[in-house]
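Numbering (full-length UniProt numbering), first residue to last: 1 to 421.
A virtual CB, placed ideally from N, CA and C, is assigned to each residue, including glycine.
Being a predicted model, the structure only gives us computed values, none of them experimental.
To start, the structure itself, in structure tokens.
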């Protein structure tokens with residue numbers, strides 16, 4: 001399909017960091033959709049599995065822009081650090097809010113859009129049945145991905161195994177399609193089959209494509225990983241790491257343990273802390289040597305590893321359950337524009353009259369922008385301030401995790417400029 005300059009494809013991303021597999025997804029997304037403009041909704045400083053990003057959101061934005069992405073907007077923290085359904089709901093809402101994105105293209109292990117759509121339809125049409133059956137399997141000790149895969153394989157009638165349907169990008173793809181349907185979105189879906197290493201593969205193998213997990217492990221072990229990154233995109237990453245702007249595991253562990261030591265009463269206020277897990281946390285924190293030790297000690301049948309990691313991200317940032325439960329049903333209340341290419345700026349200019357949410361690049365004016373858009377006494381203004389508080393908080397926290405702080409104001413959202421290639 002030939003590319004059209006007035007057509008935009010949406011990508012839902014983490015880019016932690018941007019690697020050759022992401023470049024393949026970007027190029028194939030343009031090809032299959034016929035879109036020229038690529039718009040990425042990208043997680044900020046904390047990711048879907050609860051871990052801090054390798055480097056900050058501005059470095060990752062620069063990497064994406066140099067690789068050919070045209071627009072990068074941030075997926076706000078409560079959706080970025082959430083389960084697959086909420087992650088998908090928030091990202092689709094963000095793309096829809098731009099008003100001029102035509103389609104969504106996501107990577108999947110199967111590459112079979114019809115099969116994934118059938119699973120999404122099943123979840124939409126039989127939500128109560130699937131939910132009850134999933135809960136039953138979870139109580140028997142089956143993990144959430146495995147439970148969901150078994151149910152979809154049994155009920156959909158597709159020639160796909162439970163193991164295939166439990167693969168991480170297939171799970172996310174199904175949730176993207178479900179979100180499109182639930183939100184009555186006009187975004188047309190496409191999928192691109194993933195190539196190379198699997199999502200969770202930790203080793204850097206032969207070839208040009210390794211998983212982000214494998215690349216991060218390679219960096220931590222001092223191995224050569226440059227061949228797995230697109231040449232134009234790798235510069236900002238290596239420069240940031242050389243300056244000490246990457247996350248230091250020891251800093252992360254110490255700050256997290258300090259938050260846990262605030263005590264059981266404080267922990268019970270935090271989102272995802274439930275069912276008495278604060279007692280396990282405090283006991284584990286007294287003995288934990290590092291982050292991995294803490295997670296593995298707290299993990300139990302009813303508390304999966306990913307849930308524990310997300311909970312720890314909320315503890316680290318002191319995010320209360322009331323804040324998240326108030327904000328999540330409403331969806332994002334503004335979009336933070338992190339960067340744009342020249343083509344992206346032209347696209348955004350055409351979006352102005354179609355925006356469904358405030359699009360903010362200059363935070364020195366954000367309070368005035370939100371007040372003007374919503375009205376100072378409105379519920380939406382209050383929700384936008386909750387979202388803003390969480391964004392500023394996670395940015396400040398992230399500066400405490402870096403190997404070195406090179407000065408400047410830790411409230412960086414107010415001082416970073418709009419990134420360009």
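Flag this pair as yes or no: are the beta carbons of residue i and residue j separated by less than 9 Å?
i, j, result
"residue 237", "residue 55", "yes"
"residue 333", "residue 316", "no"
"residue 61", "residue 419", "yes"
"residue 77", "residue 46", "yes"
"residue 135", "residue 166", "no"
"residue 9", "residue 35", "yes"
"residue 172", "residue 117", "no"
"residue 160", "residue 191", "no"
"residue 11", "residue 38", "yes"
"residue 57", "residue 44", "yes"
"residue 19", "residue 245", "no"
"residue 121", "residue 181", "yes"
"residue 364", "residue 337", "no"
"residue 286", "residue 250", "no"
Could you check where the alpha helix (DSSP H) with residue i kicks off and where it finishes?
i, result
"residue 357", "That residue, residue 357, is in no alpha helix (DSSP H); it is neither H nor E in DSSP."
"residue 364", "Per DSSP, residue 364 belongs to no alpha helix (DSSP H) and is neither H nor E."
"residue 127", "127–139"
"residue 239", "231–242"
"residue 252", "249–260"
So the candidates are the options; which of them puts its Cα closest to the Cα of residue i?
i, options, result
"residue 81", "89, 67, 48, 21", "48"
"residue 480", "184, 130, 145, 114", "Nothing about residue 480 can be read from this structure; the chain reaches only from 1 to 421."
"residue 351", "149, 162, 99", "99"
"residue 124", "140, 108, 175, 150", "175"
"residue 429", "312, 151, 101", "The question about residue 429 has no answer, for the chain in this structure spans 1 to 421."
"residue 400", "151, 258, 252, 265", "252"
"residue 65", "143, 291, 234", "234"
"residue 16", "27, 50, 33, 30", "50"
"residue 263", "276, 254, 282", "282"
"residue 301", "41, 23, 141, 21", "141"
Any idea what DSSP makes of residue i, helix, strand or coil?
i, result
"residue 435", "Residue 435 lies beyond the range of the chain shown here (1 to 421); nothing can be said about it."
"residue 11", "strand"
"residue 220", "helix"
"residue 94", "helix"
"residue 419", "strand"
"residue 286", "helix"
"residue 190", "strand"
"residue 212", "helix"
"residue 378", "coil"
"residue 407", "coil"
"residue 36", "strand"
"residue 56", "coil"
Among the residues of its own chain, which have a CB less than 8 Å from the CB of residue i, if the five just before and after it don't count?
i, result
"residue 200", "The predicted model places residue 200 with a pLDDT of 48, which falls under 50 and marks its position as unreliable; any figure quoted below should be read in that light. Around residue 200: 168, 211, 213."
"residue 326", "383, 386"
"residue 394", "44, 45, 46, 77, 317"
"residue 320", "269, 270, 271"
"residue 170", "108, 109, 110, 116, 164"
Between which two residues does the beta strand (DSSP E) carrying residue i extend?
i, result
"residue 103", "103–108"
"residue 298", "Looking at the DSSP string, residue 298 is not in any beta strand (DSSP E); the run it does join, the alpha helix (DSSP H), is 291–298."
"residue 335", "335–340"
Excluding five sequence neighbours on each side, which residues of the same chain lie with their C-beta closer than 6 Å to the C-beta of residue i?
i, result
"residue 331", "93"
"residue 344", "70, 71"
"residue 216", "54"
"residue 33", "9, 103, 105, 190"
"residue 149", "162, 165, 166"
Can you give me the Cβ contacts of residue i inside the same chain, cut-off strictly under 7 Å, excluding the 5 residues immediately before and after it?
i, result
"residue 227", "208"
"residue 324", "78, 271"
"residue 197", "Only weak support exists for where residue 197 lies, its pLDDT of 49 falling under 50; the value from the coordinates is given anyway. Correct list, in chain order: 205, 209, 210, 211, 214."
"residue 202", "Residue confidence is low: residue 202 scores 45 on pLDDT, short of 50, so the model does not pin down where it sits. Its coordinate-derived value is still stated next. The residues are 213, 214, 217."
Determine, for residue i, whether the minimum Cβ-Cβ distance to residues of chain D falls below 9 Å.
i, result
"residue 34", "As a matter of chain content, chain D is missing from the structure shown, which is built from one protein chain."
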